[in-house]
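For the sequence shown, my numbering begins at 81 and goes up steadily by one.
Beta carbons are placed, not taken as given, at the ideal position from N, Cα and C, and that holds for glycine.
Input: a single structure, listed below in structure tokens.
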Amino acid sequence: FAGRAAVIDRGTEVSYRQLDTTAEALATSLLGLGREGQTPVTMLMGNSWRFLATYFACAKAGLVAMPLNMLLAPSDIEWIINDSGSRTIVADAVFVPLLEHILPALEAVDTVVVVDDSVPESISGRTLTSWADLTADPDPQRVEVIVEDRDTVQCLYTSGTTARPKGVLVSHLSVLIAGMTNALMMEYRW
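Okay, structure coming up:
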């Protein structure tokens with residue numbers, strides 16, 4: 081159903097084909113930046129189709145999607161990024177002021193991708209990359225990375241109510257089973 085709407089985001093209809101093509105292009109770009117399997121990609125993104133494309137790009141590339149709670153204090157976000165060892169941040173433009181505040185303390189981060197058409201050239205001495213540039217020219221070759229079913233697909237940090245937050249790793253298999261279970265519970269049919 082490549083031509084069908086996968087997501088309708090604020091009036092913009094994104095087909096399954098477009099979502100897949102964008103995720104493929106971003107996966108290729110992230111791998112081209114030297115990211116290797118099972119490394120985290122921090123996601124400071126709101127609810128949008130670009131969030132989904134970034135998540136699926138990580139899954140296709142064998143990387144670990146690490147969405148962060150945007151309501152956390154900057155010090156907690158900084159701590160989580162440092163704790164995870166993430167070298168890559170993908171952020172909506174609305175988070176540029178937050179990045180200006182925390183980037184000086186994020187020594188491991190060497191790639192910041194901003195989802196917006198008007199990306200500043202740099203923040204705190206770090207060159208920024210436009211999400212649109214990384215997804216503009218999809219490679220005709222599909223991403224071919226071996227991903228084992230028990231490989232980690234996402235890392236979600238706990239709320240840290242009694243101590244520092246802890247990263248909870250979730251496998252590809254777990255996400256697949258959860259999706260299938262939801263489809264069965266909702267009695268979804270093709």
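**OP:** Go ahead and pull the three-state DSSP assignment for Y268.
**Re:** If DSSP states are grouped into helix, strand and coil, Y268 belongs with coil.
**OP:** Can you tell me which of the three DSSP states L179 falls into?
**Re:** DSSP, read as helix, strand or coil, puts L179 in helix.
**OP:** Find out if the Cβ-Cβ distance for the pair T168, P245 is shorter than 9 Å.
**Re:** Contact check for T168 against P245 fails: the beta carbons are separated by 9 Å or more.
Original post:
Can you tell me the Cα-Cα spacing of T101 and W159, whole angstroms?
Top reply: Rounded to the nearest whole angstrom, the C-alpha separation of T101 and W159 is 33 Å.
Original post:
Since Y96 contacts R84 with CB under 8 Å, what's their CB separation in whole angstroms?
Top reply: About 6 Å separates the two Cβ atoms, so the contact holds.
Original post:
So which of L179, M265, P220 and V199 has the shortest CA-CA distance to L106?
Top reply: Nearest C-alpha to L106: P220.
Original post:
Is the region 123-138 touching the region 166-182 in the sense that three or more CB pairs, one from each, lie closer than 8 Å?
Top reply: The region 123-138 and the region 166-182 touch, with three or more beta-carbon pairs separated by less than 8 Å.
**OP:** Could you tell me whether the region 233-242 touches the region 146-156, using the rule of 3 or more Cβ pairs below 8 Å?
**Re:** In this structure the region 233-242 lies against the region 146-156, because at least three pairs of beta carbons, one per stretch, are closer than 8 Å.
Original post:
Just how far apart, CA to CA, sit Q98 and A133?
Top reply: Computed Cα separation, rounded: 9 Å.
**OP:** Within 10 angstroms of the Cβ of S109, are there 16 or more other Cβ atoms? Answer buried if so, exposed if not.
**Re:** Around the beta carbon of S109, a 10 Å sphere encloses 16 or more other beta carbons of the protein chains shown; the residue is thus reported as buried.
**OP:** My understanding is that P154 touches I182, with C-beta atoms under 8 Å, so please give their C-beta distance in whole angstroms.
**Re:** Right, their Cβ atoms sit about 5 Å apart.
Original post:
Could you give the residue range of the alpha helix (DSSP H) that holds P154?
Top reply: Segment P154 to S164, the alpha helix (DSSP H) holding P154.
Original post:
Can the beta-carbon of W211 be found less than 9 Å from the beta-carbon of V195?
Top reply: Between W211 and V195, the C-beta gap is smaller than 9 Å, which places the two residues in contact.
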